[in-house]
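Report on the structure given below.
Numbering (my numbering), first residue to last: 11 to 127.
Right under this line is the structure:
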């Protein structure tokens, strides 16, 4: 496995609890490239997570505000911009630690060979 994407959008504690997954992935696959897709509110914790090669953040509040004020095209453009960045590579595996319908739909829009969670 060369490319792993981990999604965690809802809880900072859950993101911290991914640490064993990050460490184990690097031990099992020393050359693996790990990307995190996180809520932008969690960016401050990322420097303390081992083994992360790239972080892509999504501003959930911004998207919700745009939808609430009826700016569906704006929310779509923002989501497309994030997905374009995420999809600049094809992942061997995507692990979704955010167990919600929204994150499941988001996972379905990402170029990956395998989805877990």
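Glycine residues also receive a C-beta, built at the ideal position from the N, C-alpha and C atoms. All of these numbers come straight from a predicted model, not from anything done at the bench.
query: Residue 18 beta carbon less than 9 angstroms from that of residue 52; result: yes
query: Residues of its chain near residue 27, where Cβ-Cβ distance is below 6 angstroms and the 5 sequence neighbours each way are ignored; result: none
query: Residue 124 vs residue 103 beta-carbon contact at 9 angstroms; result: yes
query: Inter-residue spacing [alpha-carbon to alpha-carbon] between residue 87 and residue 93; result: 10 angstroms
query: For residue 55 and residue 12, the rounded distance between their alpha carbons; result: 24 angstroms
query: Closest by C-alpha distance to residue 5, when choosing among 30, 31, 72, 59; result: Residue 5 cannot be examined here, being either before or after the span of the chain that is shown, 11 to 127.
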